[in-house]
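Visitor:
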Amino acid sequence: MRTRSLAKWLFLPLLFIASAAIAQSSIPIELEVGYRFADIKGNESLYRTQINEREGFVLRSFTFFTSGLGPSDEFRVDATDLGTSPTSSLRVMSARNGAYRLRLGYRSFDSFNATPAFAQHAFDRKRTMFDADLELLTFSRFTPFVGYSWSRNRGPGAMTYVLGADEFALRSDLDESDREIRVGSAFTLGKFSGQVTQGWRSLKSDERFALFEGAGAGNNAGAILGRPISADAIDRVSRTDVDAPFTNLYVMGDILPRVRVIGDYVRFSAESTGFENESSSGSFVSFGIGRFFNGLSEITASRAENNTWRGGVRAEVVITDTITFQAGYRSEHRELEGAGLINSLYRDTLTFGGLDPRSVEEVLQSTSVLNRDEDILSATVSARSVGPFSFRAGYSVANQDLEIAPDLSEIVVPGNQDGTFSRSVRTVDASATFTKRLFSIGASWRIDDADDPVMRTDFLERDRLRVRATFRTPGNAFRIGLTAEEGNQSNDRDGVNFDAGNRQLITDFEIAPVAAVRFHGSYAQFRADSVVTVRRPETFVLVPSTYTEEGESYEGGIGLVLTKVNVDASVARFDNEGSFPFTVNRYRVRAGYDFTEKMGIVGELAKDQYDETSAFGDFDARRFGLYLRLRR
Amino acid sequence: MSTKHLTIAVAALLLLLGAAAWAQEEATARCGDCHDQAKAFAHNPHARGQVVKGDVENAVCESCHGDATEHMQTGDKEKISVPRGRKGADETCAMCHDLTSDKRSHKMGFHASSDAVNCLSCHSVHKSEQEPLLAKNQLALCSTCHTQAASFRNRPYTHKMGRAGMTCSTCHEPHGRPGKENLKATAAGEVVCVGCHTDKRGPYVFAHGGAAVGECTNCHEAHGSSNQRQLKRANVAQLCLECHSPTATHTLGSQPPSFHNVTTARYQNCTTCHVAIHGSHRSPQLLK
Chain D
1 MRTRSLAKWL FLPLLFIASA AIAQSSIPIE LEVGYRFADI KGNESLYRTQ INEREGFVLR
61 SFTFFTSGLG PSDEFRVDAT DLGTSPTSSL RVMSARNGAY RLRLGYRSFD SFNATPAFAQ
121 HAFDRKRTMF DADLELLTFS RFTPFVGYSW SRNRGPGAMT YVLGADEFAL RSDLDESDRE
181 IRVGSAFTLG KFSGQVTQGW RSLKSDERFA LFEGAGAGNN AGAILGRPIS ADAIDRVSRT
241 DVDAPFTNLY VMGDILPRVR VIGDYVRFSA ESTGFENESS SGSFVSFGIG RFFNGLSEIT
301 ASRAENNTWR GGVRAEVVIT DTITFQAGYR SEHRELEGAG LINSLYRDTL TFGGLDPRSV
361 EEVLQSTSVL NRDEDILSAT VSARSVGPFS FRAGYSVANQ DLEIAPDLSE IVVPGNQDGT
421 FSRSVRTVDA SATFTKRLFS IGASWRIDDA DDPVMRTDFL ERDRLRVRAT FRTPGNAFRI
481 GLTAEEGNQS NDRDGVNFDA GNRQLITDFE IAPVAAVRFH GSYAQFRADS VVTVRRPETF
541 VLVPSTYTEE GESYEGGIGL VLTKVNVDAS VARFDNEGSF PFTVNRYRVR AGYDFTEKMG
601 IVGELAKDQY DETSAFGDFD ARRFGLYLRL RR
Chain E
1001 MSTKHLTIAV AALLLLLGAA AWAQEEATAR CGDCHDQAKA FAHNPHARGQ VVKGDVENAV
1061 CESCHGDATE HMQTGDKEKI SVPRGRKGAD ETCAMCHDLT SDKRSHKMGF HASSDAVNCL
1121 SCHSVHKSEQ EPLLAKNQLA LCSTCHTQAA SFRNRPYTHK MGRAGMTCST CHEPHGRPGK
1181 ENLKATAAGE VVCVGCHTDK RGPYVFAHGG AAVGECTNCH EAHGSSNQRQ LKRANVAQLC
1241 LECHSPTATH TLGSQPPSFH NVTTARYQNC TTCHVAIHGS HRSPQLLK
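Top line first, the protein sequences correspond to chains D and E.
Residue 1 is where the first sequence starts when you use my numbering, and the numbers rise one by one after that.
Residue 1001 is where the second sequence starts when you use my numbering, and the numbers rise one by one after that.
1) What is the DSSP secondary structure of Ala1187 (chain E), counted as helix, strand or coil?
2) Going by the CB atoms, is the gap between Arg586 (chain D) and Val532 (chain D) shorter than 9 Å?
3) Taking the C-alpha atoms as reference points, what is the distance between Val412 (chain D) and Arg503 (chain D)?
4) Mind checking Arg2 (chain D): buried by the 16 CB within 10 Å criterion, or exposed?
5) With H, G and I counted as helix, E and B as strand and the rest as coil, what does DSSP make of Asn220 (chain D)?
6) Closest to Ile299 (chain D) by C-alpha separation, out of D:Gly190, D:Leu482, D:Tyr346, D:Asn306, would be which residue?
7) Applying the 10 Å Cβ sphere with the 16-neighbour rule, what's the burial state of Phe192 (chain D)?
8) The beta strand (DSSP E) spanning Met599 (chain D) covers which residue range?
9) Skipping 5 residues on each side, what residues in its chain have a beta carbon closer than 6 Å to that of Leu341 (chain D)?
10) Distance check for Phe118 (chain D) and Thr1271 (chain E), CA to CA, integer angstroms please.
11) With a threshold of 9 Å between beta carbons, is Asn399 (chain D) in contact with chain B?
12) Kindly indicate if chain E contains any beta-carbon less than 9 Å away from that of His333 (chain D).
13) What would DSSP say about Gln1073 (chain E), mapped onto helix, strand or coil?
14) Using only alpha-carbon positions, find the residue among E:Glu1131, E:Gly1088, E:Ala1164 that is nearest to Leu90 (chain D).
15) Measure the alpha-carbon distance for Leu402 (chain D) versus Asp458 (chain D) and round it to whole angstroms.
16) Interface residues of chain D around Val1262 (chain E) at Cβ under 8 Å?
17) Is it right to say Cys1096 (chain E) is buried, meaning 16 or more other beta carbons lie within 10 angstroms of its own, or is it exposed?
18) Return the residues of the region 1137 to 1152 of chain E that lie within a Cβ-Cβ distance of less than 7 Å from chain D, sorted by chain order.
19) CB-CB under 7 Å to Asp618 (chain D), same chain, minus the five flanking residues each way: which ones, in chain order?
20) Leaving aside the five residues before and after Leu336 (chain D) along the sequence, list all residues of the same chain whose C-beta is less than 6 Å from its C-beta, in chain order.
21) Would you kindly work out how many angstroms separate the C-alpha atoms of Ser1101 (chain E) and Val1082 (chain E), rounded to a whole number?
22) Taking only beta-carbon atoms, is Ser1222 (chain E) less than 9 Å away from chain D?
23) Along the region 444 to 457 of chain D, where does the CB come closer than 7 Å to a CB of chain E? Name the residues.
24) Considering only residues of the region 79 to 113 of chain D, which uninterrupted beta strand (DSSP E) runs meet the minimum length of 3 residues and lie entirely inside it, listed in chain order?
25) Would you list the one or two residues that DSSP bridges to Tyr35 (chain D)?
26) What do you reckon, are the CB atoms on Val565 (chain D) and Gly603 (chain D) nearer than 9 Å?
27) Who are the neighbours of Cys1273 (chain E) on chain D, taking C-beta pairs under 8 Å?
28) Apart from the five residues on each side of it in sequence, which residues of its chain come closer than 6 Å, Cβ to Cβ, to Ala327 (chain D)?
29) Can you pull the chain D neighbours of Cys1034 (chain E), defined as C-beta to C-beta under 7 Å?
30) Just the chain D side, please: which residues come within less than 7 Å of Pro1174 (chain E) by C-beta, in chain order?
31) Have a look at the DSSP bridge pairing and note the partners of Tyr265 (chain D).
32) According to the neighbour-count rule (16 or more other Cβ atoms, all chains shown, within 10 Å of its Cβ), is Thr1069 (chain E) buried or exposed?
33) Using CA atoms only, rank isn't needed, just tell me which of D:Arg493, D:Leu465, D:Val313, D:Phe498 is closest to Thr483 (chain D).
34) Assuming Leu1139 (chain E) contacts Cys1168 (chain E) under a Cβ cut-off of 8 Å, what Cβ separation, rounded to an integer in Å, is found between them?
35) So for Gln1285 (chain E), helix, strand or coil by DSSP?
36) Cα-Cα, which of D:Pro156, D:Asp175, D:Asn476, D:Ala223 is closest to Ala165 (chain D)?
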């Protein structure tokens, strides 16, 4: 069965079961099903990229829970947005205390992307995920479990490919699935408890590419060295297989009445093999071999490994009822190794002078190695509920060492990629909270200090301060909050001069004058600036690269719950006047009316307006859904 | 006494004892007689199967509220324990939930830090329509304090929060500690992002350095972005050049860039050509 239709396939049986259950049982159940209408004006591709709610039948929500069904003493089914929806989910949970717990999950996500900045790059795919987890002998000394996860990503896409000094639009068809099986057991043995998991994960990916019809002229209209560049055909098949066994273990021991020690270890070993076969024909030029050519046959075989382990130990000490101390050490080691053999046969070549006709074969063998080690030492002391105060202070040191051999990726000019990099980051953080009856104020502060950057935008100094105060009246009839946050980071090395900062000020409130009515709202001001020196690749001149976001966000709404009527309405606006100005307006209304105790009707109105300074991406999308609500 | 008479006598005795027990049970007061929460508790995971005629056994309530005998006899509200605040949560919730199948020691988590924030700040123990017994919808709940994350969600490019089960706790461990320990990991211990974005796991022969040694958030805004594909910059070339620029400080990826003229539209989006930006098995330049 195609996974694309699975959500729709689940729609009708669930509807049938729900209707029968509502008619016959006294088990709590709630169902909303109906039709959603959509009216999209403007850039539909951008609407689909951002929101993607389309017109059609939707099982908006379904909930069924009972304390006893068959062998279970807890049984629950939850479903949302099955049918014509960009996201769908279905979860089933069945458990019997001391015997078992079974969890089944299904999720699907539309993965659509076609945005102006990525012009010829688009995809319309669907990711479907299924999980099953069974625990046996729950709450016993040993709780064995087995789990299975499956994820599939498939669908068409479009991209460009650089070949023979031009770029060509290709269509792609991806079918990729990832499976994971895990078995293990949780255990409690005296003062020790923990869990051990052994898992096996595998991925199979198959992607086929072909030249779009009419795209043979390429994106570059001009001739190269007097020769027009064109493609008659480009076909490529890529296959990738990944196998990754992993082991995950943790043990927690209350070794003394006030001392707990927790150790954990995880190791995985992923190995991928890739195979690709490409053939193309047309009129091309290659400066790499210094020739014109009429076709390329390329076969690539590759293998890569990722061996990673991570382990840590942590001690938690309860000094007094309110004061605790934690200290921990964590270490991680990762090795990435890759090797590829690329065999390229340039057919019917000529020198740029039109001489020496022959086919040219080129073999490229490439390897890459990356070793990364990291260890972190940390300590924290907390004082909780010392009168109206709570405090927390922590210190940590993280050391990273990287060793990279050439060919990791040479996205720019090959070479100079290798080297060794080290970085040590020291962090101090502290927080305090004061709570007195209905008022609370808390502040957290963090400062990081590093000796060297690994990447240009790594900070050498960073700090962040956040303060939040709230006040509420008894019974939560009124609540107001204020959050202020500021963060800065910098790297003042010559030629980098990285400096970034962000500030946010947010206030939010809730008013519930009576239990049936609730108003809420928030207002936020934000500003983020970043500047870092970059070298222009066309001139090699150093210039500052600046980026700014600045604006306001408003949100407000009302909730009304009466015996037969319920309304939830909200308005939100987001204005950004930074480097990329735009405005988003969102309106939501959801209103329900119950004809009887068991049956009602729900209407949903959603409107999203997206406006950029360039009107190219603007859209105005309205959706209206009408749903029948059944419940018992 | 014949066997028949003995059987009748034993049966009568059993009936008598049964009736007495029945009468005794009928006479036993239940928490649900006065407290509606106790009835609602029948559909609560904490009921753990101890449901009789739609009502939970008193022992279920007493597991958190302590011995209720005196309270039942006198009706005095002072004669029953009502857990409140951080201390209340420690003495009830953490008695069981600090030892569950979880690497986190909940009591030490940042969200169990004070009277202002503790288990009962987020969980509605007696009745909730939100799993796992949350006081309200998780997005609304987290947004009550984490207002800055909520304002990010108003941006145009975000994860589809609140849909298909995707919530804050899909990625974050609310019982964890600040920093990286606040993020979940896959069963194999990898960064949480690749739990859904399985195609980005690799391993690749030609890994993008930033992805291999750093984090997805080097280039992407996880909570929501103003820019397409949740990137940190509106212009892709700007994002790339901020790392891929050679200067006196030798950093990863800061080798000399190609001679592309990024003032032209064609070269302003590096991933037009470098399509396999997360890593490639076939192209050192990440072209396919």
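Ideal Cβ positions, reconstructed from N, Cα and C, are used throughout, including at glycine.
All figures in this text were calculated on a predicted structure; none of them were measured in a lab.
Guide: Short version:
1) Against the second sequence, residue 1187 (chain E) aligns to sequence position 187. Coil at Ala1187 (chain E), not helix or strand.
2) Translated into positions along the first sequence, residue 532 (chain D) becomes position 532. Translated into positions along the first sequence, residue 586 (chain D) becomes position 586. For Val532 (chain D) and Arg586 (chain D), no; Cβs fall outside 9 Å.
3) Reading the first sequence from its first residue, position 412 is the one you call residue 412 (chain D). Reading the first sequence from its first residue, position 503 is the one you call residue 503 (chain D). Reliability fails at Val412 (chain D), whose pLDDT of 45 lies under 50, so the model's placement of it is uncertain and the value that follows must be treated cautiously. Looking at the two C-alpha atoms, the distance is approximately 35 Å.
4) The residue you call residue 2 (chain D) lines up with position 2 of the first sequence. Its pLDDT being 46, under 50, Arg2 (chain D) is placed unreliably by the model, and nothing is read from it.
5) Taking the first sequence and counting its residues from 1, the one referred to as residue 220 (chain D) is at position 220. DSSP places Asn220 (chain D) in coil when its eight states are reduced to three.
6) To locate residue 299 (chain D), count along the first sequence from 1; it is residue 299. The option with the nearest alpha carbon to Ile299 (chain D) is D:Tyr346.
7) For the purposes of this step, residue 192 (chain D) is identified with residue 192 of the first sequence, where counting begins at 1. Exposed, since its Cβ has fewer than 16 Cβ neighbours within 10 Å.
8) For the purposes of this step, residue 599 (chain D) is taken as the residue at position 599 of the first sequence. Start and end: 599 to 612.
9) For the purposes of this step, residue 341 (chain D) is taken as residue 341 along the first sequence, with counting starting at 1. Counting only Cβ-Cβ distances below 6 Å, and skipping sequence neighbours, we find Ala301, Gln365.
10) By 1-based counting over the second sequence, the position of residue 1271 (chain E) is 271. By 1-based counting over the first sequence, the position of residue 118 (chain D) is 118. Approximately 8 Å between the Cα atoms of the pair.
11) Absence of chain B from the displayed structure is noted, the protein chains being D and E.
12) What you label residue 333 (chain D) is simply residue 333 of the first sequence in a count that begins at 1. Not closer than 9 Å to any Cβ of chain E, the Cβ of His333 (chain D) fails to qualify, so no.
13) The residue labelled residue 1073 (chain E) in the question sits at position 73 within the second sequence. Here Gln1073 (chain E) sits in helix by DSSP.
14) As a working mapping, residue 90 (chain D) is identified with position 90 in the first sequence. Ranking E:Glu1131, E:Gly1088, E:Ala1164 by Cα distance to Leu90 (chain D) puts E:Ala1164 first.
15) Against the first sequence, residue 402 (chain D) aligns to sequence position 402. Against the first sequence, residue 458 (chain D) aligns to sequence position 458. Cα to Cα, the separation comes out at about 14 Å.
16) Taking the first residue of the second sequence as position 1, residue 1262 (chain E) is located at position 262. Those are Arg536, Pro537, Glu538, listed as they occur along chain D.
17) Sequence index remark: in the second sequence, residue 1096 (chain E) carries index 96 (1-based). So Cys1096 (chain E) ends up on the exposed side.
18) Cys1145, Thr1147, Gln1148, Ser1151
19) Within the first sequence, the letter at position 618 stands for residue 618 (chain D). Closer than 7 Å at the Cβ level, and outside the excluded window around Asp618 (chain D), lie Gly42, Asn43, Tyr610, Asp611, Glu612.
20) Numbered from 1 along the first sequence, position 336 holds the residue referred to as residue 336 (chain D). These residues qualify, in order along the chain: Asn306, Leu370.
21) Here residue 1101 (chain E) refers to the residue found at position 101 of the second sequence. Here residue 1082 (chain E) refers to the residue found at position 82 of the second sequence. Its pLDDT being 49, under 50, Ser1101 (chain E) is placed unreliably by the model, and the measurement read from it follows with that caveat. If you take the alpha carbons of Ser1101 (chain E) and Val1082 (chain E), they lie about 27 Å apart.
22) Working through the second sequence from its first residue, we reach residue 1222 (chain E) at position 222. The amino acid at residue 1222 (chain E) is misidentified as Ser; the sequence shows Ala. Answer no: the Cβ-Cβ gap between Ala1222 (chain E) and chain D never drops below 9 Å.
23) Pro453, Val454, Met455, Arg456, Thr457
24) 87 to 96
25) Within the first sequence, the letter at position 35 stands for residue 35 (chain D). According to DSSP, which records beta bridges pairwise, Tyr35 (chain D) is partnered with D:Phe57, D:Leu626.
26) Along the first sequence, one-based indexing puts residue 565 (chain D) at 565. Along the first sequence, one-based indexing puts residue 603 (chain D) at 603. Contact: no.
27) By 1-based counting over the second sequence, the position of residue 1273 (chain E) is 273. What Cys1273 (chain E) touches in chain D: Thr160, Val162, Glu167.
28) As a first step, residue 327 (chain D) is located in the first sequence; it is residue number 327 there, counting from the start. If we look at Ala327 (chain D) and ignore the five residues flanking it on each side, its Cβ neighbours are Ala315, Ala379.
29) To locate residue 1034 (chain E), count along the second sequence from 1; it is residue 34. Within chain D, no residue comes near Cys1034 (chain E); the closest Cβ sits about 21 Å away, beyond 7 Å.
30) The residue labelled residue 1174 (chain E) in the question sits at position 174 within the second sequence. By Cβ distance, chain D contributes nothing, its closest Cβ being about 16 Å from Pro1174 (chain E), past 7 Å.
31) Here residue 265 (chain D) is taken as the residue at index 265 of the first sequence, counted from 1. D:Leu249, D:Gly311.
32) Along the second sequence, one-based indexing puts residue 1069 (chain E) at 69. That one is exposed.
33) As a working mapping, residue 483 (chain D) is identified with position 483 in the first sequence. Measuring from the Cα of Thr483 (chain D), the nearest candidate turns out to be D:Leu465.
34) Counted from its first residue, the second sequence places residue 1139 (chain E) at position 139. Counted from its first residue, the second sequence places residue 1168 (chain E) at position 168. Leu1139 (chain E) to Cys1168 (chain E), Cβ: 7 Å. Contact.
35) As a position in the second sequence, residue 1285 (chain E) is number 285, starting the count at 1. Three-state DSSP puts Gln1285 (chain E) in coil, outside helix and strand.
36) Within the first sequence, numbered from 1, the residue matching residue 165 (chain D) stands at position 165. Comparing Cα-Cα distances from Ala165 (chain D) to each of D:Pro156, D:Asp175, D:Asn476, D:Ala223, the minimum goes to D:Ala223.
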